[in-house]
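Let me begin by presenting the structure, written as structure tokens, before commenting on it.
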Amino acid sequence: MTFGDHLSDRVKQVPPSGIRRFFELAEEVDDVISLGVGEPDFSAPWAARTAAIDSLERGKTSYTSNRGMRELREAISERVTCYGQEYDPEDEIIVTTGASEAVDLAFRAFVGDGDVVAIPQPSYISYTPGAVFAGGEPLPVPTRAEDEFTLTPEALEAAGADEADVLVLCYPNNPTGAVMTDDELADVASFVREHDLLVLSDEIYAALRYEDDHASIATHPGMRERTIVFNGFSKAYAMTGLRLGYAMGPPEAIDAMNKVHQYAMLSAPTTAQYAALEALRACDDAVEEMRREYDRRRRFVLARFDEMGLDCFEAKGAFYVFPEAPDGDDEAFAEGLLEEQNVALVPGSVFGAGGEGHLRVSYATGMRELREAMDRIETYIAE
1 MTFGDHLSDR VKQVPPSGIR RFFELAEEVD DVISLGVGEP DFSAPWAART AAIDSLERGK
61 TSYTSNRGMR ELREAISERV TCYGQEYDPE DEIIVTTGAS EAVDLAFRAF VGDGDVVAIP
121 QPSYISYTPG AVFAGGEPLP VPTRAEDEFT LTPEALEAAG ADEADVLVLC YPNNPTGAVM
181 TDDELADVAS FVREHDLLVL SDEIYAALRY EDDHASIATH PGMRERTIVF NGFSKAYAMT
241 GLRLGYAMGP PEAIDAMNKV HQYAMLSAPT TAQYAALEAL RACDDAVEEM RREYDRRRRF
301 VLARFDEMGL DCFEAKGAFY VFPEAPDGDD EAFAEGLLEE QNVALVPGSV FGAGGEGHLR
361 VSYATGMREL REAMDRIETY IAE
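Numbering (full-length UniProt numbering), first residue to last: 1 to 383.
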């Protein structure tokens with residue numbers, strides 16, 4: 001008898017990560033410039049790092065409350081008011097081991113066997129497996145480049161999402177860099193209310209919008225009570241390795257997620273919570289500096305793709321652009337570019353329906369590397 005003989009059906013349903021497979025190929029190539037990693041190339045702000053060090057020196061290494069340090073939840077509650085969100089730190093916020101844990105907690109708490117989870121695609125690669133692991137049935141909802149990858153009621157209707165139980169949102173979007181306006185979210189909110197869906201809204205890139213303010217579906221009439229909002233410190237604060245996120249929602253939702261959290265994780269990392277608290281208190285200038293630099297890179301990459309003749313809508317959030325592959329075959333293009341020019345991109349088909357024929361390009365890397373990568377891509381296209 002082996003473990004392979006007892007592999008669960010849910011695990012069997014989920015293929016290995018397409019991103020991981022591609023980067024295993026990249027690891028075999030020397031002198032690679034990677035434009036595929038969804039991770040800031042900045043270090044966490046110095047004040048946050050100092051707070052983490054100080055907490056260790058003071059021996060702050062014990063568990064915190066399951067829901068996270070009270071001071072941190074209060075600071076989160078105060079911060080998200082800038083997005084029009086109001087949540088009670090006592091019973092409407094939970095601090096988690098990364099936003100990824102928060103999403104997983106929600107799937108496990110609110111997706112039962114056979115529940116249909118509508119997932120707009122292209123999408124972050126963890127949503128579909130998360131729904132499957134919880135026993136749900138993922139329902140892809142393709143979005144289109146001609147709509148700038150925004151979600152519309154028409155797309156939801158066409159995919160059959162009127163019969164779904166849960167809708168997952170991610171705006172600003174990974175992998176496309178798409179954003180949604182408040183009016184566009186209002187249309188989706190109307191669909192959600194009409195068909196009585198719950199919403200899981202991943203807003204981890206909320207601080208990384210470049211032309212207007214972040215909008216959240218949770219602020220629309222009748223949506224707060226049916227929406228869980230996820231955010232965290234990995235992207236805006238460049239704290240990916242500290243693994244700290246949070247979820248916000250109605251008390252009964254947070255109570256249910258906390259029940260799963262208590263048994264799975266107990267509490268989020270203590271050192272990271274001290275760093276996050278200081279990040280919220282003292283690091284706004286550092287976040288704005290990073291945001292401006294990302295915007296500079298975004299405009300540079302979009303301009304270079306335009307010069308090359310690569311079709312690419314104007315991504316306005318996160319740190320990705322999503323151009324069309326020149327010949328429509330995203331995997332062949334990405335593999336050829338890696339083999340011949342040592343530049344790593346991610347094929348759009350990895351991210352599901354709607355991603356085929358596109359490429360995810362991350363500009364979370366230095367300008368010198370970006371310039372060289374753009375030159376190599378231009379050379380490869382011209383060959």
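The beta-carbon is built from N, C-alpha and C at its ideal position, and this holds for glycine as well.
Note that the structure is a prediction, hence the values are computed from the model and not measured.
{"Item": "Per-residue burial, Asp311 [other beta carbons within 10 Å of its own, 16 or more giving buried]", "Value": "exposed"}
{"Item": "DSSP state of Gly232 mapped onto helix, strand, coil", "Value": "strand"}
{"Item": "Separation of Ala282 from Ala118, as counted between CA atoms", "Value": "38 Å"}
{"Item": "Option in Tyr237, Ala206, Glu378 and Glu39 with minimal Cα separation from Phe230", "Value": "Ala206"}
{"Item": "Beta-bridge pairing of His358 - partner residues as DSSP gives them", "Value": "Glu324"}
{"Item": "Among Leu277, Glu324 and Gly348, the one whose alpha carbon lies nearest that of Ser55", "Value": "Leu277"}
{"Item": "Buried versus exposed, by CB contacts within 10 Å (16 or more), Pro347", "Value": "buried"}
{"Item": "Where the beta strand (DSSP E) through Pro45 begins and ends", "Value": "Note, Pro45: premise wrong, no beta strand (DSSP E); not H, not E."}
{"Item": "Sequence-distant residues of its chain with Cβ nearer than 6 Å to Met180 (five each side left out)", "Value": "Thr150 and Tyr171"}
{"Item": "Gly245, enclosing beta strand (DSSP E) - first and last residue", "Value": "Gly245 to Met248"}
{"Item": "Own chain partners of Pro326 with C-beta closer than 7 Å, once the 5 adjacent residues on each side are dropped", "Value": "Leu310, Phe333 and Ile381"}
{"Item": "Residue ranges of each beta strand (DSSP E) within the segment 129-158, 3 or longer", "Value": "137-142"}
{"Item": "Check whether Asp295 and Tyr210 have beta carbons under 8 Å apart", "Value": "yes"}
{"Item": "Run of the beta strand (DSSP E) containing Val29, from where it starts to where it stops", "Value": "Segment: none, Val29 is in no beta strand (DSSP E) and carries neither H nor E."}
{"Item": "Per DSSP, the bridge partner or partners of Cys170", "Value": "Asp202"}
{"Item": "Exposed unless 16 or more other CB atoms sit within 10 angstroms - verdict on Ser34", "Value": "buried"}
{"Item": "Status (buried if at least 16 other CB within 10 Å, exposed otherwise) for Asp330", "Value": "buried"}
{"Item": "Nearest candidate by alpha-carbon position, reference Met374, set Gly354, Asn342 and Gly357", "Value": "Asn342"}
{"Item": "Distance between His195 and Arg49 (C-alpha atoms, nearest Å)", "Value": "46 Å"}
{"Item": "Ranges of the alpha helix (DSSP H) found wholly within the segment 46-128, counting only runs of at least 4", "Value": "46-57, 70-79 and 98-110"}
{"Item": "Chain C contact for Val37 (CB, 8 Å cutoff)", "Value": "Absent here is chain C; the protein component of the structure consists of one chain."}
{"Item": "Distance between Asp30 and Met367 (C-alpha atoms, nearest Å)", "Value": "20 Å"}
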